[in-house]
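Peer 1:
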Amino acid sequence: MTPKERGEAVEEKVELSSKPDEAAGGRDGEEGSAVEDEARRLKEELDAMGRELDEMKNLYLRSCAELENYRKRVEKEKASHLLYANERLVKELLPVIDNLDRALAHSESEIDPAKGLESLRNGLRLTVKELEKVLDRFGLKAVKAVGERFDPTIHEAISHEESADNEAGTVIKEFQKGYMLNDRLVRPAIVAVAKEPRGDDEDS
């Protein structure tokens, strides 16, 4: 083999040996580019998630603030309602107080004490009736007592009296009126209840 032929053979081997490196370098470049693209995509997703998290946090804080404001407003309205809950009742009672004042003033202006007393008595009767009407409009009603069968849920017996005219267990006297507010007992009626009279044999 001539020197020229040997030189050409060496150059061919060098070229052949360099081609695998070039191919490997090309693959590395493509892989590096793919990694960069994936990293860029992940960063964009992370940034988007961060923005979404900030929005959710702001929404949560706004919701908490609105809820707190609502709670305070409800508490204020409740306090105001409790403070003025009896305003209507008070307004209804004012005419009753006016009638009492007028009855007292009229009785005091009478020269005759007997007439003054009668005037006061009549004024009080009218005032009591008006007061009962006012309270009835608010659901307050007197408990039925005299003539009714004794009911321990609405009556309180403080005595038992013999009675030939009433069936045993019947309310025959009322010492203090009882009242119901709608369906709730406010105060029981204080009463006396009839019992069977003792026979002559028991007296002896």
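Heads up: the sequence shown at position 128 corresponds to 133 in the working numbering, and the numbers run straight through without jumps. C-beta atoms are modelled at their ideal positions from N, C-alpha and C, and glycine is treated no differently.
Which residues in the same chain as residue 173 place their Cβ atom closer than 7 angstroms to its Cβ, once the five residues preceding and following it in sequence are excluded?
Peer 2: 199, 200, 201.
Peer 1: Within this structure, are the beta carbons of residue 122 and residue 114 separated by less than 9 angstroms?
Peer 2: no
Peer 1: For a test of the three-state rule: what should DSSP assign to residue 81, helix, strand or coil?
Peer 2: helix
Peer 1: Could you tell me whether the Cβ atoms of residue 191 and residue 179 are closer together than 9 angstroms?
Peer 2: Contact flag unset, no.
Peer 1: Excluding the 5 residues flanking residue 139 on each side, which residues of the same chain have their C-beta closer than 7 angstroms to its C-beta?
Peer 2: 97, 98, 101
Peer 1: Out of curiosity, what's the CA-to-CA distance linking residue 83 and residue 151?
Peer 2: 42 angstroms
Peer 1: Assign residue 143 to one of two classes, buried (16 or more other C-beta atoms within 10 Å of its C-beta) or exposed (fewer than that).
Peer 2: exposed
Peer 1: If I measure Cβ to Cβ from residue 94 and keep anything under 7 angstroms in the same chain, skipping five residues before and after, which residues do I get?
Peer 2: Apart from the 5 residues on each side of it in sequence, residue 94 sits with its Cβ closer than 7 angstroms to the Cβ of 143 in its chain, given in chain order.
Peer 1: I need the straight-line Cα distance from residue 171 to residue 148, nearest angstrom please.
Peer 2: Cα to Cα, the separation comes out at about 20 angstroms.
Peer 1: In angstroms with no decimal places, state the Cα-to-Cα distance between residue 91 and residue 145.
Peer 2: 14 angstroms
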